[in-house]
Amino acid sequence: MDQTPIQKQKELERKRLMKFLSALIDEIDFQRRNQEDVAKELGIKGGSLSKNLSGKSQFNFWNMIKLLNILYDADVLKKKEMLHRFCIVTKSKQNMRIAMEYANAKGDLELLKLVVDKEKTSSLAINREWAYVYELVWMRSKGVVSGKALLEKLEDRKSSKVIKTQEMKVLYGILTFYTMYDLEKFNSLFEYAEVLQPEVEEIPDDFIRTAYSGRIKEGLSYAYLMQDNVEKSRELCHEILHLKDDKNCFSLLRASALVYLAESYTFESYERASWYITKSLEMLSDCHFERAIKRRENILNTHAFIKLVHNLELNDIQIFHPAEDAFLEIRKGNYKLAENILNGIKKERGYLVAIEYTYLGLATNDVGLIEKSISMFECEGNRFYCKFPRKMLVEFNKDGIIYMGDAK
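Residue numbering for the sequence shown follows the UniProt record's numbering, starting at 1 and increasing by one per position.
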């Protein structure tokens with residue numbers, strides 16, 4: 001008797017699962033490992049591993065992560081490939097929910113998209129809801145939406161779908177929190193965090209709860225820094241560094257905390273700022289996903305700015321933004337080239353941000369532009385980086401000439 005389309009699909013899924021499990025068994029055998037010993041390393045009984053490998057029961061997500069680490073150790077690409085395959089074949093709905101936040105925390109946007117697309121059509125309403133919200137997380141991480149555009153999408157989705165699970169209510173809140181972060185609405189951000197944090201504590205899953213709590217602290221630490229509440233910012237950064245991370249998922253969060261600590265010493269201590277930059281880069285040394293690569297570039301660009309502020313180690317500098325290229329040319333005395341770079345940014349984007357007006361003022365020897373950047377920083381409530389143009393103003397002498405020396 002011919003199979004129905006549903007039966008054919010189920011048979012195809014079963015074959016995919018068995019092929020994946022066979023690959024695991026082959027690797028265990030190839031490495032001459034005993035399944036009982038592997039089970040002990042996983043912290044489960046030999047019989048449980050045997051059932052998992054035969055397809056009689058589903059692998060727990062975290063046990064699969066452990067198994068892939070055991071079998072493939074330093075082979076990052078193979079681990080990634082096998083985890084992606086696992087997420088395609090696993091039938092466990094809980095595995096898929098954990099996989100979404102795992103992919104987000106690790107910065108594996110490819111995996112996040114794969115799981116979101118799969119769970120959009122899940123037979124379980126909870127998973128469809130999670131996919132619905134995590135799609136927005138993916139879009140923001142990819143740079144598809146942020147700020148006002150993200151806020152509009154959030155409002156759109158809130159009006160078209162009622163969110164029922166505690167986790168997704170909180171994640172919606174975190175996404176709203178991100179819009180305030182993107183738009184630098186720091187006062188609103190502080191108030192919103194006060195409402196969100198007690199809700200996070202109600203989440204039962206330890207991993208999800210810690211991840212969400214860490215994200216709120218990450219946003220708050222940056223907001224406090226921009227408002228020049230340096231001590232509070234540093235305190236939150238150290239809390240992030242001490243988050244429970246027995247599953248080794250929060251390297252990106254920790255790297256953010258370390259670079260914010262570095263930024264907090266920008267105008268205070270070149271040595272301490274550089275030390276934290278080094279630690280931040282070390283934190284990402286084993287991270288190879290898209291978000292980690294982008295984060296590394298941002299950290300290096302921050303380090304470049306700190307070097308330029310102090311006019312130190314300019315021969316060993318990596319810049320990933322044309323604005324800092326302009327600042328470097330200013331330090332070299334190539335003022336016209338710096339001016340051309342900044343005018344190019346303005347032409348392409350349509351405007352300059354506050355710090356770029358500082359650079360333009362330095363390049364053109366125009367104190368009015370530096371004063372404009374101070375006003376812009378003040379309007380944004382960015383008291384921390386307002387220190388930079390103020391320091392540059394001090395470098396004007398009585399004739400209006402800028403001495404481009406140490407900015408301290």
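Backbone N, C-alpha and C fix where the C-beta goes; we use that ideal spot for every residue, glycine too.
Same chain, Cβ closer than 7 Å to residue i, five either side skipped, listed in chain order
i: residue 374; result: 386, 389, 390
i: residue 36; result: 46
i: residue 288; result: 76
i: residue 146; result: 140, 182
i: residue 234; result: 261, 264
i: residue 5; result: none
i: residue 202; result: 166
i: residue 130; result: 97, 100, 119, 168
Whole-number beta carbon distance between residue j and residue i, since they are thought to touch under 8 Å
i: residue 177; j: residue 154; result: Not confirmed; about 11 Å, so no contact.
i: residue 115; j: residue 139; result: Contact doesn't hold; Cβ gap of about 14 Å is too wide.
i: residue 217; j: residue 194; result: The Cβ separation is near 13 Å, so there is no contact.
i: residue 322; j: residue 345; result: 6 Å
i: residue 249; j: residue 134; result: Contact doesn't hold; Cβ gap of about 15 Å is too wide.
i: residue 55; j: residue 21; result: 6 Å
i: residue 105; j: residue 61; result: Not confirmed; about 13 Å, so no contact.
i: residue 151; j: residue 179; result: 4 Å
i: residue 181; j: residue 189; result: 6 Å
i: residue 354; j: residue 324; result: Going by Cβ atoms, the distance from residue 354 to residue 324 rounds to 14 Å, so no, they are not a contact pair.
i: residue 11; j: residue 71; result: The Cβ separation is near 28 Å, so there is no contact.
i: residue 359; j: residue 306; result: No, residue 359 and residue 306 are not in contact; Cβ-Cβ is about 15 Å, not under 8 Å.
Distance between residue j and residue i (C-alpha atoms, nearest Å)
i: residue 185; j: residue 382; result: 10 Å
i: residue 265; j: residue 51; result: 54 Å
i: residue 85; j: residue 111; result: 10 Å
i: residue 212; j: residue 237; result: 15 Å
i: residue 17; j: residue 59; result: 11 Å
i: residue 148; j: residue 277; result: 31 Å
i: residue 398; j: residue 251; result: Unreliable placement is indicated for residue 398, whose pLDDT of 46 sits below 50; the coordinate value is still reported in the next sentence. Distance between the alpha carbons of residue 398 and residue 251 is about 49 Å.
i: residue 53; j: residue 25; result: 7 Å
i: residue 32; j: residue 141; result: 41 Å
i: residue 172; j: residue 30; result: 46 Å
i: residue 158; j: residue 347; result: 37 Å
i: residue 337; j: residue 343; result: 10 Å
i: residue 74; j: residue 286; result: 9 Å
i: residue 128; j: residue 91; result: 14 Å
i: residue 69; j: residue 215; result: 26 Å
i: residue 93; j: residue 3; result: 26 Å
i: residue 136; j: residue 365; result: 44 Å
i: residue 316; j: residue 13; result: 53 Å
i: residue 122; j: residue 351; result: 45 Å
i: residue 7; j: residue 19; result: 18 Å
i: residue 290; j: residue 78; result: 16 Å
i: residue 207; j: residue 312; result: 42 Å
i: residue 209; j: residue 356; result: 39 Å
i: residue 9; j: residue 15; result: 10 Å
Own chain residues within Cβ distance below 8 Å of residue i, not counting five before or after
i: residue 298; result: 259, 320
i: residue 393; result: 367, 370, 371, 374
i: residue 308; result: 314, 317, 324, 327, 328, 331
i: residue 109; result: 103, 138, 141, 142, 289, 290, 291
Beta-carbon contacts of residue i that lie in its chain and below 6 Å, excluding the five residues immediately before and after
i: residue 335; result: 363
i: residue 284; result: 255, 292, 296
i: residue 262; result: 273, 276, 277
i: residue 361; result: 369, 370
i: residue 329; result: 337, 338
i: residue 228; result: 383, 384
i: residue 230; result: 264
i: residue 376; result: 354
Proximity below 9 Å, CB of residue i to CB of residue j
i: residue 416; j: residue 89; result: Here the chain comprises residues numbered 1 to 408, so residue 416 is not present and cannot be evaluated.
i: residue 241; j: residue 257; result: yes
i: residue 318; j: residue 301; result: yes
i: residue 161; j: residue 126; result: no
i: residue 168; j: residue 384; result: no
i: residue 63; j: residue 83; result: no
i: residue 191; j: residue 170; result: no
i: residue 118; j: residue 87; result: yes
i: residue 247; j: residue 65; result: yes
i: residue 232; j: residue 224; result: yes
heavy atom of the ligand ADP below 8 Å from residue i C-beta
i: residue 169; result: Annotation note on the ligand ADP: not contained in the displayed structure, which lists no ligands.
Task: Ranges of the beta strand (DSSP E) found wholly within the segment 89-170, counting only runs of at least 3 - done: None, since the segment 89-170 contains no complete beta strand (DSSP E) of that length.
TODO: Write down every uninterrupted run of the alpha helix (DSSP H) in the segment 266-291 whose length is 4 residues or greater and which is fully enclosed by it, in chain order.
DONE: Fully enclosed alpha helix (DSSP H) runs of 4 or longer: 270-283.
TODO: Enumerate, from N- to C-terminal direction, the unbroken beta strand (DSSP E) stretches of 3 or more residues contained entirely within the segment 172-204.
DONE: Complete beta strand (DSSP E) runs here, min 3: none at all.
- [ ] Any chance you could list the alpha helix (DSSP H) runs of at least 4 consecutive residues sitting entirely within the segment 33-62, in chain order?
- [x] Complete alpha helix (DSSP H) runs here, min 4: 35-42, 46-54.
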